[in-house]
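Chemist: Mapping of the sequence shown onto full-length UniProt numbering: position 366 corresponds to residue 366, and the numbering continues sequentially without gaps.
Ideal Cβ positions, reconstructed from N, Cα and C, are used throughout, including at glycine.
Mind looking over this structure? Questions follow.
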Amino acid sequence: MDFALTEEQTAIFDMAFAFGQEHIAPFARQWEAEGTIPKSLWPQIGELGFGALYVSEETGGAGLSRLDATLVFEALSMACPSVAAFLSIHNMCAKMLDSFASDEMKARIMPDILSMKTVLSYCLTEPGSGSDAAALKTRAAKTNEGYTLNGTKAFISGGGYSDAYVCMVRSGEDGPKGVSTVYVEDGTAGLSFGGLEEKMGWKSQPTAQVQFDDCKIPAANLVGEEGKGFTYAMKGLDGGRLNIASCSLGAAQQALTMTLQYMSERKAFGKSIDQFQGLQFRLADMEIELQAARVFLRQAAWKLDHGAPDASKHCAMAKKFVTEAGSKVVDQCLQLHGGYGYLADYGIEKLVRDLRVHQILEGTNEIMRVITARHLLAENH
Ligand SMILES: Cc1cc2nc3c(=O)[nH]c(=O)nc-3n(C[C@H](O)[C@H](O)[C@H](O)COP(=O)(O)OP(=O)(O)OC[C@H]3O[C@@H](n4cnc5c(N)ncnc54)[C@H](O)[C@@H]3O)c2cc1C
């Protein structure tokens with residue numbers, strides 16, 4: 001067993017970190033205030049191969065492992081978890097398309113997805129169905145030319161901003177077997193968007209409802225087979241959970257680094273506050289928690305890469321553990337900054353707000369426990 005990163009993995013991490021520090025970190029607060037990420041950022045990220053991290057090399061992607069990808073998201077989140085998490089959604093969609101779309105469809109759409117000229121959103125959640133995603137109601141009625149879509153998707157990251165939407169829609173019976181995946185391009189007649197949601201964090205990402213009103217798409221925009229869409233959507237999520245966990249890890253690590261620096265400079269009662277043993281113990285606890293989170297996350301990624309039978313369980317467990325550890329750490333870091341932690345200028349309060357949603361999306365942390373318990377009970381029978 002070797003816990004060390006390879007030279008190549010270290011280079012991937014370093015490249016992502018350097019890019020984030022130069023092109024994202026200095027603007028993160030401005031983009032948060034503006035409520036959007038400039039579209040010009042994405043082709044730069046695409047040039048590094050980060051728009052298709054684990055898309056196969058045959059399709060033109062970087063062909064990296066899921067473990068490699070966690071390094072990219074951890075490193076980019078040290079600059080801004082909101083931007084990194086948005087990229088993770090694009091990558092999740094790109095992988096779904098690479099895995100399940102026809103060769104004709106891939107030839108048509110993938111080049112622009114790889115370069116990030118096309119930015120993708122993932123549309124599963126609806127106003128009436130979140131955790132119980134298989135209850136989705138958006139209808140895809142078959143026509144001679146393709147499908148007519150009617151319904152609403154809720155909470156869509158990049159709604160009204162992205163260039164194309166990977167949507168789970170009901171083309172058949174109730175339940176998971178009646179769900180198909182379709183590709184809807186921005187500008188399609190009948191596609192519209194709700195107003196921007198006001199959120200606690202992830203503010204640089206536009207979030208909006210995606211609405212279909214007699215929205216007609218060609219048959220060629222069905223991804224894979226009819227009725228398989230729920231399986232495709234769930235396959236994307238194991239890796240998506242690793243990515244979100246990586247975003248929590250990177251941001252929390254960054255907060256801890258900033259806190260160590262702050263505590264070495266801030267004086268109280270005649271000494272720097274990192275000299276109080278009670279506070280040192282809190283630093284030690286955060287270090288222990290983050291190191292444990294990192295090992296657990298990378299093990300889950302390794303299991304997914306190796307097709308281990310318990311990979312889904314480990315992805316779920318890691319998502320829950322790491323996102324909660326990340327939130328606890330950034331909250332502690334805020335506390336250790338005293339009043340300054342509460343001020344936007346110090347960069348910590350944004351992380352507290354940004355990381356909170358990681359416990360809710362890509363499956364809530366309650367659902368992560370549902371998955372873990374289901375596997376646990378099955379293993380015991
Ligand atoms: C900022 C943001 C961005 C998002 N981006 C996207 C996106 O791009 N695409 C997309 O498709 N979705 C997106 N989502 C939606 C997100 O995935 C859902 O909010 C999430 O899956 C939870 O669904 P819900 O909000 O309907 O909560 P519900 O499913 O209604 O859950 C409410 C509460 O009940 C709990 N609960 C539900 N069922 C169970 C159960 N069986 N056992 C125990 N507890 C349970 C939940 O854990 C939760 O605490 C986003 C959400 C947010 C906030």
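May I ask whether a heavy atom of ligand 3 can be found less than 6 angstroms away from the beta carbon of tryptophan 202?
Modeler: Although ligand 3 was asked about, the structure shown includes only ligand 1 as ligands.
Chemist: When the distance is taken between beta carbons, is valine 322 closer than 7 angstroms to alanine 245?
Modeler: Contact flag set, yes.
Chemist: Find out if the Cβ-Cβ distance for the pair methionine 168, leucine 196 is shorter than 7 angstroms.
Modeler: No, they are not a contact pair.
Chemist: With DSSP collapsed to three states, give me the class of asparagine 144.
Modeler: Three-state DSSP puts asparagine 144 in coil, outside helix and strand.
Chemist: Between the C-alpha atoms of lysine 142 and glutamate 47, what's the straight-line distance to the nearest angstrom?
Modeler: Whole-angstrom Cα-Cα distance: 38 angstroms.
Chemist: Per DSSP, which residues does lysine 95 bridge with? Please list them.
Modeler: For lysine 95, which the question treats as bridged, DSSP gives no partner whatsoever.
Chemist: By Cβ distance, which residues of its chain are closer than 6 angstroms to glutamine 211, with the 5 residues on each side in sequence left out?
Modeler: Result list for glutamine 211: Thr152, Ser192, in chain order.
Chemist: Just verifying my parser: in three-state terms, what is the DSSP assignment at lysine 199?
Modeler: DSSP places lysine 199 in coil when its eight states are reduced to three.
Chemist: My understanding is that proline 206 touches glycine 363, with C-beta atoms under 8 angstroms, so please give their C-beta distance in whole angstroms.
Modeler: With 8 angstroms as the limit, proline 206 and glycine 363 do not qualify as a contact, their Cβ atoms being about 22 angstroms apart.
Chemist: Given a cut-off of 7 angstroms on the beta-carbon distance, is the pair leucine 222 and valine 182 in contact?
Modeler: Closer than 7 angstroms, so yes.
Chemist: May I ask you to verify whether the region 48-55 touches the region 111-130, counting CB pairs closer than 8 angstroms and requiring at least 3?
Modeler: Yes, the region 48-55 is in contact with the region 111-130.
Chemist: Grouping DSSP H, G and I as helix and E and B as strand, with all else coil, what is proline 309?
Modeler: Correct three-state label for proline 309: coil.
Chemist: Can you determine whether any heavy atom of ligand 1 sits closer than 6 angstroms to the C-beta of glycine 178, and answer yes or no?
Modeler: No, since every heavy atom of ligand 1 falls outside the 6 angstroms radius drawn around the Cβ of glycine 178.
Chemist: How about alanine 75 and phenylalanine 27: are their beta carbons less than 7 angstroms apart?
Modeler: For alanine 75 and phenylalanine 27, no; Cβs fall outside 7 angstroms.
Chemist: Can you tell me the Cα-Cα spacing of alanine 292 and alanine 318, whole angstroms?
Modeler: Cα to Cα, alanine 292 sits roughly 10 angstroms from alanine 318.
Chemist: Between which two residues does the alpha helix (DSSP H) harbouring tyrosine 165 extend?
Modeler: Tyrosine 165 -> not in any alpha helix (DSSP H); beta strand (DSSP E) instead, spanning 164-170.
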